[in-house]
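Data block below; observations after.
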Amino acid sequence: MNQKKYISLTLLVLISFKILVVPFVYLDFELRKDYIVKHLCENRFKPELHCDGQCYLAKTLTKIAEEKATNEAEKQGQNIKKVLEEVFEEQPVTLASSHFFTPKKATLFHYQSLSTSDFMDMLLRPPASILS
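So the sequence shown is residues 48 to 179, counted in this note's numbering.
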């Protein structure tokens, strides 16, 4: 029973970490604001801009947003590929006979002589049981 609790707690922490990435970035920024302003800010040599590390925060947040977007795009591409594979499943083709591949004679025109007597012979035949 304890093992199930540890596994569920671990999964909860992992899911929470993924959800709480952006608040952790804000928390990190607020806790290390002095260091970021002095060492990591792009405008640290221009104090008249009063950036106060906002450029670093914006850069970090855009990086996280781009990573999320690429991950979502990859997941969507994989899902589409999986659906297409399921829908258009490859079916093996087997040929029962080779009559599909017998060459036919090429004719320029086809003439069949049917007279009325031939038609009547085809239409008015006696049953096969009487003939045998």
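Backbone N, C-alpha and C define an ideal beta-carbon position, used for all residues, glycine too.
**Report entry** Counted within 10 angstroms of its Cβ, other Cβ atoms place Ile83 as buried (16 or more) or exposed
**Finding:** buried
Query raised in the report: What three-state label does DSSP hand Asp99 in the structure shown?
Result: coil
Query raised in the report: Out of curiosity, what's the CA-to-CA distance linking Glu132 and Val68?
Result: 34 Å
Query - Status (buried if at least 16 other CB within 10 Å, exposed otherwise) for Gly124 - result: exposed
Query raised in the report: Exposed or buried, which one is Ile53 when buried takes at least 16 other CB atoms within 10 Å?
Result: Per the sequence shown, the amino acid found at residue 53 is Tyr instead of Ile. Flag for Tyr53 reads exposed.
Query - At least three beta-carbon pairs within less than 8 Å, the region 86-98 to the region 109-126 - result: Because the criterion of three Cβ pairs below 8 Å is not met, the region 86-98 and the region 109-126 do not touch.
Query raised in the report: Between the Cα of Gly100 and the Cα atoms of Leu78, Thr117, Glu113, Glu119, which residue gives the shortest distance?
Result: Leu78
**Report entry** Sequence-distant residues of the same chain with beta carbon closer than 7 Å to Ile62, five excluded per side
**Finding:** No residues qualify anywhere along the chain.
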